[in-house]
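K.L.:
Questions regarding the structure given below will be posed in turn.
There are 2 protein chains.
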Amino acid sequence: MPRTAPKLIPASQECKDCPIRHRAVCAKCEPDELDALEQIKFYRSFEAGQTVVWAGDSMEFVASVVTGIGTLSQTMEDGRRQMVGLLLPSDFVGRPGRDTSAYDVTAATDVVMCCFRRKPFQDMMLRTPHIGQRLLEMTLDELDAAREWMLLLGRKTAREKISSLLCIIARRDASLKLSRSGGSMSFDLPLTREAMSEYLGLTLETVSRQMSALRKEGLIVTEGKRHIVIPDFDLLLEETGDDSDGGFLV
Amino acid sequence: MPRTAPKLIPASQECKDCPIRHRAVCAKCEPDELDALEQIKFYRSFEAGQTVVWAGDSMEFVASVVTGIGTLSQTMEDGRRQMVGLLLPSDFVGRPGRDTSAYDVTAATDVVMCCFRRKPFQDMMLRTPHIGQRLLEMTLDELDAAREWMLLLGRKTAREKISSLLCIIARRDASLKLSRSGGSMSFDLPLTREAMSEYLGLTLETVSRQMSALRKEGLIVTEGKRHIVIPDFDLLLEETGDDSDGGFLV
DNA sequence: TTGTTGCCTTGATTCAGATCAAAATCCATG
DNA sequence: CATGGATTTTGATCTGAATCAAGGCAACAA
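For the record, the sequence lines run as chains A and B. Counting from 1, position 55 in the first sequence corresponds to residue 55 in the working numbering; the numbering is continuous, with no gaps. Counting from 1, position 121 in the second sequence corresponds to residue 121 in the working numbering; the numbering is continuous, with no gaps.
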């Protein structure tokens, strides 16, 4: 039954370079800091659909996404759900100084996370200012992304929301840059229709209808249910309502 | 014509204790750091309605709100606007390391800001880790608030949105705690109907209608257009859709 | 092959909030 | 105190997305 048994990722992918942003070169890391990090680090993997932590549950680690895509969401008493964060590789999860998760954290695809026990990580942050500086940098980026997302939720139409989401995923998923040729891009949607609707503040029926509409108009081509081809990225971008350059969401 | 001439705030209110959070005691501040901050600090005041900076404009300072209420908003090409941040006293504005504002910053009421020239402030952050730590702390709080706000924008009804906003303002505006007596609170709304609609992702007509509805049902009492009395805070809280304790937005 | 299960799509209808259009109220000023 | 502009309220109507309700389709198991 285990689609992916828990496993360690290959050494070549380990986060030797920087404790926070995976596989990004971090010139400031001193060898002894890296040693210290090695000691408090461990990997965990999760299957698509699996919950990493529930809102309110204790979370004894902070982590960085190595591979796969995760989500943060909030649920209201009556079951209405809103996604409030998208976790792509190298994104950070958890808040130093807080011992319970404020959100449901879910694996949208199979996910591997590099975890650090929280308490030693915090101690390390105090001793090593550049870790905190890096974290501040990343948190400010997330805040900008959250604000872009607020514009989407508050003011965009369903069509604009869908187009925006497709553009965001196309832009941010590093793997896609490879499959880019001419003006066209293609990728596997890492989200179900339901997850998309939770992201966008829509129902899944509306998501489906708008996807169909974009398909009929040739703005996207679908191969199977999940594989998306964007024949002309700029054309899709015009449907997002953003000014030409803008909108570099999460 | 100057309703408030630019002025320095009284010495008793100056941010001697902490460079970032005004008037909050910051035990870590060393005297020489405070001296350094004194040198790069200046005050600016803005009238209600005045724009502090436009999105895209260069912003040669970072600042902390001393008194009054400001807003951050984003505008789409066709004029649709969404507020993405509310600035209350002690909130921080500007991003170290970024020289242009990503948002329109506006004074909702008359505002006094304590500004620091950006470059020296950044230098100081590098020399003084606890400033960065404090800033990280504050940014994480803002991110949490932004995420609560995303739930509001994506999933709440107009009525829930209005109730939430009233509760947020009632809770956060420190001046109100004074006017609290029994279960009732009262305060002056610092936002126009239009600003409220920009905050909530609604039209101003809908805001007005929902305010009227709450008034008719006795959940709020209005004195003039701007002064609000909340006879029973818990009753209003039930209209927000949040679980009893939750929802401590910006 | 035939369920069964989990997505996803499509259709019909409803409704909350937007839009369009007047009034009403509230100051600030001469 | 009349005037005029800004702000707010209220009304009538419209509409985009939600809701309710079937079906379709691929993957997998029996």
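For each residue, glycine too, the CB sits at the ideal point set by N, CA and C. Bear in mind the structure is a predicted one, so any value in this text is a computation, not a measurement.
With burial defined as no fewer than 16 other Cβ atoms inside 10 Å of the residue's Cβ, what is the status of Q74(B): buried or exposed?
P.N.:
Taking the first residue of the second sequence as position 1, residue 74(B) is located at position 74. Q74(B) is buried by the Cβ-count criterion.
K.L.:
First and last residue of the beta strand (DSSP E) that includes L72(B)?
P.N.:
What you label residue 72(B) is simply residue 72 of the second sequence in a count that begins at 1. Where L72(B) is concerned, the enclosing beta strand (DSSP E) stretches over G70 to T75.
K.L.:
Could you name each continuous beta strand (DSSP E) segment of 3 residues or more that falls completely within the segment 102 to 161 of chain B, going from the start of the chain to the end?
P.N.:
Whole beta strand (DSSP E) segments, 3+ residues: 104 to 107 and 111 to 117.
K.L.:
Going by C-alpha distance, which of L204(B), W54(B) and L151(B) is nearest G79(A)?
P.N.:
Locating residue 79(A) in the first sequence gives position 79, counting from the first residue. Ranking the options by Cα distance to G79(A), first place goes to L151(B).
K.L.:
Select from W54(A), E38(A), V93(A) and G85(A) the residue whose C-alpha is nearest the C-alpha of F61(A).
P.N.:
Counted from its first residue, the first sequence places residue 61(A) at position 61. Of W54(A), E38(A), V93(A) and G85(A), the residue nearest in Cα terms is V93(A).
K.L.:
I'd like to confirm the pairing. Which residues does DSSP put opposite A63(B) in its beta bridges?
P.N.:
Reading the second sequence from its first residue, position 63 is the one you call residue 63(B). V93(B) and C115(B).
K.L.:
Could you check the C-alpha separation between L126(A) and C115(B) for me, to the nearest Å?
P.N.:
In the first sequence, the residue the question calls residue 126(A) occupies position 126. In the second sequence, the residue the question calls residue 115(B) occupies position 115. About 27 angstroms.
K.L.:
By DSSP's criteria, T100(A) is part of a beta bridge. Which residues make up the other side?
P.N.:
Taking the first sequence and counting its residues from 1, one reaches residue 100(A) at position 100. Its beta-bridge partners are S58(A).
K.L.:
Using a Cβ distance threshold of 8 angstroms, determine whether the segment 148 to 165 of chain B contacts the segment 197 to 215 of chain B, with at least three qualifying pairs required.
P.N.:
Result yes; three or more Cβ-Cβ pairs closer than 8 angstroms.
K.L.:
Closer than 7 angstroms, CB to CB, is Q74(A) near chain B or not?
P.N.:
The residue you call residue 74(A) lines up with position 74 of the first sequence. Q74(A) counts as touching chain B.
K.L.:
Indicate whether at least one CB of chain A lies closer than 7 angstroms to the CB of R127(B).
P.N.:
Translated into the one-based positions of the second sequence, residue 127(B) becomes position 127. Not closer than 7 angstroms to any Cβ of chain A, the Cβ of R127(B) fails to qualify, so no.
K.L.:
Is the CB of T51(B) under 7 angstroms away from at least one CB in chain A?
P.N.:
Here residue 51(B) is taken as the residue at index 51 of the second sequence, counted from 1. Cβ-Cβ to chain A under 7 angstroms: no for T51(B).
K.L.:
In chain A, which residues lie less than 7 angstroms from D144(B) when you measure between Cβ atoms?
P.N.:
Here residue 144(B) refers to the residue found at position 144 of the second sequence. A102, listed in chain order.
K.L.:
Answer with buried or exposed for V229(B), where buried requires no fewer than 16 other C-beta atoms within 10 angstroms of its C-beta.
P.N.:
Position 229 of the second sequence, counting from 1, holds the residue named residue 229(B). Burial call: exposed.
K.L.:
For E239(A), which residues from the same chain have a beta carbon less than 7 angstroms from its beta carbon, with the 5 sequence-adjacent residues on both sides left out?
P.N.:
Position 239 of the first sequence, counted from the first residue, corresponds to residue 239(A). Taken in chain order, the residues that qualify are R159, E160, S163 and L219.
K.L.:
Cα-Cα, which of L86(A), E217(A) and V105(A) is closest to P190(A)?
P.N.:
Within the first sequence, residue 190(A) is the residue found at index 190, counting from 1. Among L86(A), E217(A) and V105(A), the Cα nearest to that of P190(A) is on L86(A).
K.L.:
Compare the C-alpha of H227(B) against each of M185(B), M83(B) and S197(B) and name the closest.
P.N.:
Your numbering for residue 227(B) matches position 227 in the second sequence. That would be M185(B), whose Cα lies nearest to the Cα of H227(B).
K.L.:
Assign H22(B) to one of three DSSP states: helix, strand, or coil.
P.N.:
As a position in the second sequence, residue 22(B) is number 22, starting the count at 1. Only weak support exists for where H22(B) lies, its pLDDT of 42 falling under 50; the coordinates are left without a value.
K.L.:
For the segment 102 to 119 of chain B against the segment 35 to 51 of chain B, do three or more pairs of beta-carbon atoms, one drawn from each stretch, fall closer than 8 angstroms, so that the two count as touching?
P.N.:
With the cut-off at 8 angstroms, the segment 102 to 119 of chain B and the segment 35 to 51 of chain B touch.
K.L.:
Against R155(A), what residues of chain B qualify as contacts under a CB-to-CB distance less than 7 angstroms, listed in chain order?
P.N.:
Here the question's residue 155(A) lines up with position 155 in the first sequence. Ordered by position in chain B, the residues that pass the 7 angstroms Cβ test against R155(A) are M76, R80, Q82 and G201.
K.L.:
Which one of G132(A), G56(A), A213(A) and P89(A) has the shortest CA to CA distance from T100(A)?
P.N.:
One-based indexing of the first sequence puts residue 100(A) at position 100. The option with the nearest alpha carbon to T100(A) is G56(A).
K.L.:
Just to confirm before moving on: does the CB-CB distance between V84(B) and R147(A) stay below 7 angstroms?
P.N.:
Position 84 of the second sequence, counted from the start, is the residue given in the question as residue 84(B). Position 147 of the first sequence, counted from the start, is the residue given in the question as residue 147(A). Taking 7 angstroms as the Cβ cut-off, V84(B) and R147(A) qualify as a contacting pair.
K.L.:
In whole angstroms, give me the CA-to-CA distance for V53(B) and G224(B).
P.N.:
Counting from one through the second sequence, the residue named residue 53(B) turns up at place 53. Counting from one through the second sequence, the residue named residue 224(B) turns up at place 224. Cα to Cα, V53(B) sits roughly 31 angstroms from G224(B).
K.L.:
Report yes if the C-beta distance between L140(B) and R95(A) is below 7 angstroms; otherwise report no.
P.N.:
The count along the second sequence starts at 1 and reaches residue 140(B) at position 140. The count along the first sequence starts at 1 and reaches residue 95(A) at position 95. Yes, the Cβ-Cβ distance between L140(B) and R95(A) is below 7 angstroms.
K.L.:
Would you verify that the beta carbon of L88(A) is, or is not, closer than 7 angstroms to some beta carbon of chain B?
P.N.:
For this step, residue 88(A) is matched to residue 88 along the first sequence. Judged by the 7 angstroms Cβ criterion, L88(A) is not in contact with chain B.
K.L.:
Which residues share a DSSP beta bridge with M83(A)?
P.N.:
As a first step, residue 83(A) must be located in the first sequence, where it is residue number 83. Paired residues: S73(A).
K.L.:
Give me, in chain order, the residues of the same chain whose beta-carbon lies closer than 7 angstroms to that of S58(B); leave out the 5 immediate sequence neighbours on both sides.
P.N.:
Reading the second sequence from its first residue, position 58 is the one you call residue 58(B). Correct list, in chain order: D99 and T100.
K.L.:
For the putative contact between T109(A) and I69(A), defined by C-beta atoms under 8 angstroms, what is the C-beta separation to the nearest angstrom?
P.N.:
In the first sequence, residue 109(A) corresponds to position 109, counting from 1. In the first sequence, residue 69(A) corresponds to position 69, counting from 1. T109(A) to I69(A), Cβ: 5 angstroms. Contact.
K.L.:
Excluding five sequence neighbours on each side, which residues of the same chain lie with their C-beta closer than 6 angstroms to the C-beta of V221(A)?
P.N.:
Here residue 221(A) corresponds to residue number 221 of the first sequence, with the count starting at 1. Excluding positions up to five away in sequence, the list reads V229.
K.L.:
Could you check the C-alpha separation between L153(A) and L214(B) for me, to the nearest Å?
P.N.:
Your numbering for residue 153(A) matches position 153 in the first sequence. Your numbering for residue 214(B) matches position 214 in the second sequence. In a straight line, the C-alpha of L153(A) is about 25 angstroms away from that of L214(B).
K.L.:
Is the beta carbon of Y103(B) less than 7 angstroms from the beta carbon of L143(B)?
P.N.:
Position 103 of the second sequence, counted from the first residue, corresponds to residue 103(B). Position 143 of the second sequence, counted from the first residue, corresponds to residue 143(B). Going by C-beta atoms, Y103(B) is not nearer than 7 angstroms to L143(B).
K.L.:
Beta carbons nearer than 8 angstroms to chain B: which residues of the segment 101 to 123 of chain A have them?
P.N.:
Correct list: A102 and Y103.
K.L.:
Identify whether E47(A) lies in helix, strand or coil by the three-state DSSP scheme.
P.N.:
Reading the first sequence from its first residue, position 47 is the one you call residue 47(A). Note: E47(A) maps to coil in three-state DSSP.
K.L.:
Determine the burial state of G201(B): buried for a count of at least 16 other Cβ atoms within 10 Å of its Cβ, exposed for fewer.
P.N.:
Walking along the second sequence from the start, residue 201(B) turns up at place 201. It is buried - the Cβ of G201(B) has at least 16 other Cβ atoms within 10 Å.
K.L.:
Can you list, in chain order, the residues of its chain with a C-beta nearer than 7 angstroms to that of M196(B)? Leave out the 5 residues immediately preceding and following it.
P.N.:
If you number the second sequence from 1, residue 196(B) lands on position 196. Same-chain partners within the cutoff: L165 and V207.
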